[in-house]
Amino acid sequence: MASNISKKVIVIGAGLGGLSAAISLALKGFPVHLFEKNDKVGGKLNVLKKDGFSFDLGPSILTLPHYFRRLWTRTGRRMEEDVTIETVTPHWRNFFEDGTVVDLHMDPVEMKRELTKLSDPGLEKRFFEYLEYSAEQYDLIEKGYFENGLDTKQDFVSFYKLKNLLKIDYWTTMHKRNKRRLKNPYLIDIMDYFIKYVGSSALNSPAFMNLMPTIQFRYDLWYVKGGMYNLAIGMERLAKGLGVEISLNAEVTEIERDENRVKGIRLADGSFHASDIIVSNMEVIPAYEKLLKEDDVFMDKLKPFEPACSGLVLHLGTNRPFPQLAHHNFFFAKDQEKHFRTVFDEGRIPEDPTLYVVAPSRTDTSVCPEGCDNIKILPHIPHLKKEGNPSREDYIALRNRILEKMERTALPGLRESIITEDMWTPEDIQRRYYSNGGSIYGVVSDRKKNFAMKCPKKSTKYTNLYFTGGSVNPGGGMPMVVLSGQNVADMIDEDLSGRDV
Ligand SMILES: Cc1cc2nc3c(=O)[nH]c(=O)nc-3n(C[C@H](O)[C@H](O)[C@H](O)COP(=O)(O)OP(=O)(O)OC[C@H]3O[C@@H](n4cnc5c(N)ncnc54)[C@H](O)[C@@H]3O)c2cc1C
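Sequential numbering of the sequence shown, starting at 895, is according to this note's numbering.
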């Protein structure tokens, strides 16, 4: 560790991936300076205060809190000193247009009761066997891909060896496996939509992504008291406590290099900051394209790492509560396979998308005025392309279809109750965070395009440039990007001891 003190690290971007890398590197003794273009830390974990409502702009489901807790434990603090988290029950409420409503619970007794609503003999057995299968996949993937920070197919082969590789459910898709195992249309839709955690399609993702239900059914689903943004504030406090220097409103416009090494960064104000190591929380493709101005030959190699989907994010403040909603809800498309195909294969806005709907006031009354409701709606829609993107009118038409669907399915009177509203389009998401095509989860998980792998954390071109966040392994979602920050710090430390950097 002593030698790390002399190696200055710059982190570009204070999303959760950047904060986690900065904290983990500071813990290893590196002097770290973090530059963020926006006026606050957290990246997509963001908050909007409007007319007495507090909307979580980005994530609203916290899973795998042990990946966060580790950061605190390693500094000798307890996470609870900075952030209070609590479990949410039920995990999700699922609404179907035929009037079927079924909740997901971690408690098996409650879950069995919910399954009886689907009047399908044998479903209980199939469901609990499915959870065992999911847990097996989770344990396999966690061991190497998560905890060992595997980055390439070669890493996979040498870590897992043939015997374990064959146990990874890779050769079919999530959807096909769910059809075969669950044999119930409602449950297939529900379990397929766990793919929302990484903004991909259950028709294109490998079946091992069915590990995701274990994230909830074993480790529970969590809320951050006072609003999700408190997690970002807690991580900022942790970073500052370790001496990480944080510069806000500091946009990096260029990474300067010398042959195969990077030398430092230039900010929008023209200043140059030298460094021995750079970790970019700006996504891999935008960083190479905009900060390093790589040529088309190099950029073409990154094509398999297509962005995950984007979203249309609606925040509604209503003048009355809608008790039909649980904290987390899904309103399913009549034809979810069509939803996946339209968004991910055809790159178009779906007519009837599956909707994620969150009403945090079920758990936290501080997020809206008394007697009101705070409702966020998120349909997944395609990431932006170079041309041919939807118009503002297309987004507004989608907003109207969504509200009609919600009224039709379970929430009559929703539209007339709206007293404040805010809408985020893929363009807003791209502009605010510089994500690739307005992607909300980094790189898509796709069997054929990228084997569900994301970009490697170490640059293939510059020996002292690294990446963290949703565009690198193990991918998007808050716990995964926090893990990538920890993994990249370990990688840098190891590279330095092997004098690779
Ligand atoms: C609407 C929405 C809902 C979501 N729901 C969930 C959920 O419920 N649960 C969950 O776990 N995840 C959810 N996610 C995904 C989750 O938010 C992300 O996976 C995660 O927060 C991304 O973190 P990151 O570190 O990869 O990147 P980001 O959060 O994008 O951070 C990158 C940071 O880098 C900064 N930056 C970029 N370029 C530069 C530059 N040139 N100079 C300086 N700074 C720069 C950006 O401003 C940003 O702050 C959701 C995301 C969205 C948008």
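Don't be surprised by glycine CBs; every beta carbon is placed ideally from N, CA and C.
- prompt: Can the beta-carbon of residue 1008 be found less than 8 Å from the beta-carbon of residue 996?
  reply: yes
field: chain D within 8 Å of residue 1046, Cβ atoms only
entry: No chain D appears in the structure shown, which is made up of a single protein chain.
task: Compute every distance between the C-beta of residue 984 and the non-hydrogen atoms of ligand 1, then say whether any falls below 7 Å.
output: no
query: residue 1318 to residue 929, Cα distance in whole Å?
result: 25 Å
Enclosing alpha helix (DSSP H) for residue 1023 [first to last residue]: 1017 to 1035
message: Given this structure, state the Cα-to-Cα distance separating residue 1348 from residue 1310, to the nearest angstrom.
response: 43 Å
task: Look up residue 1002 in the DSSP assignment and say whether it is helix, strand or coil.
output: helix
task: Verify the contact flag: residue 1360, CB atom, against every heavy atom of ligand 1, threshold strictly below 7 Å.
output: no
- prompt: Is the closest heavy atom of ligand 1 to the C-beta of residue 1149 under 7 Å?
  reply: no
- prompt: Going by the C-beta, is residue 1022 closer than 7 Å to any heavy atom of ligand 1?
  reply: no
task: Report yes if the C-beta of residue 908 is less than 7 Å from at least one heavy atom of ligand 1; otherwise report no.
output: yes
task: Go ahead and pull the three-state DSSP assignment for residue 1065.
output: coil
task: Measure the alpha-carbon distance for residue 1270 versus residue 1048 and round it to whole angstroms.
output: 41 Å
message: I need the boundaries of the beta strand (DSSP E) containing residue 1168, first residue and last residue.
response: 1166 to 1168
task: Please list, in chain order, all residues of the same chain as residue 1241 whose beta carbon is under 6 Å from its beta carbon, the five residues on each side excluded.
output: 1276
query: So does the region 1200 to 1207 actually touch the region 1325 to 1339, counting three or more Cβ pairs closer than 8 Å?
result: yes
- prompt: Run through DSSP, which three-state label would residue 970 get?
  reply: coil
query: How long is the line joining the alpha carbons of residue 1239 and residue 920, rounded to whole angstroms?
result: 42 Å
message: Going by DSSP, what residue range makes up the alpha helix (DSSP H) through residue 1259?
response: Element bounds for residue 1259: n/a, residue is neither H nor E.
message: Does the beta-carbon of residue 930, which I'm using as the reference point, lie nearer than 7 Å to any heavy atom of ligand 3?
response: Ligands in the displayed structure: ligand 1; ligand 3 is not one of them.
query: Anyone know if the C-beta pair for residue 926 and residue 1138 falls short of 8 Å?
result: yes
task: Decide if the region 1216 to 1234 is in contact with the region 1088 to 1100; the criterion is three or more beta carbon pairs, one per stretch, under 8 Å apart.
output: yes
field: Same chain, Cβ closer than 6 Å to residue 988, neighbours up to 5 away in sequence not counted
entry: 996, 1084, 1224
- prompt: Near residue 1108, what residues of its chain come up, given a Cβ to Cβ distance below 6 Å and the 5 sequence neighbours on each side ignored?
  reply: 1028, 1029, 1032
Through-space distance from residue 1067 to residue 1046, alpha-carbon basis: 20 Å
task: Could you have a look at residue 909 and say whether DSSP puts it in helix, strand or coil?
output: strand
task: Tell me where the alpha helix (DSSP H) around residue 1273 begins and ends.
output: Careful: residue 1273 lies outside any alpha helix (DSSP H), inside the beta strand (DSSP E) at 1267 to 1275.
- prompt: If you run the structure through DSSP and keep just helix, strand and coil, what is residue 1014?
  reply: coil
query: The beta strand (DSSP E) spanning residue 1152 covers which residue range?
result: 1146 to 1152
query: Considering only residues of the region 900 to 963, which uninterrupted alpha helix (DSSP H) runs meet the minimum length of 4 residues and lie entirely inside it, listed in chain order?
result: 910 to 921
message: Any heavy atom of ligand 1 closer than 7 Å to the beta-carbon of residue 1176?
response: yes
task: Run the proximity test for residue 1278: is its beta-carbon closer than 7 Å to any non-hydrogen atom belonging to ligand 1?
output: no
query: Quick one: is residue 950 buried, meaning 16 or more other Cβ sit within 10 Å of its Cβ, or exposed?
result: buried
query: In its own chain, which residues sit with a C-beta less than 7 Å from the C-beta of residue 1314, not counting the 5 before and 5 after it?
result: 944, 945, 947, 1211
query: In this structure, what does DSSP give as the bridge partners for residue 1361?
result: 1174
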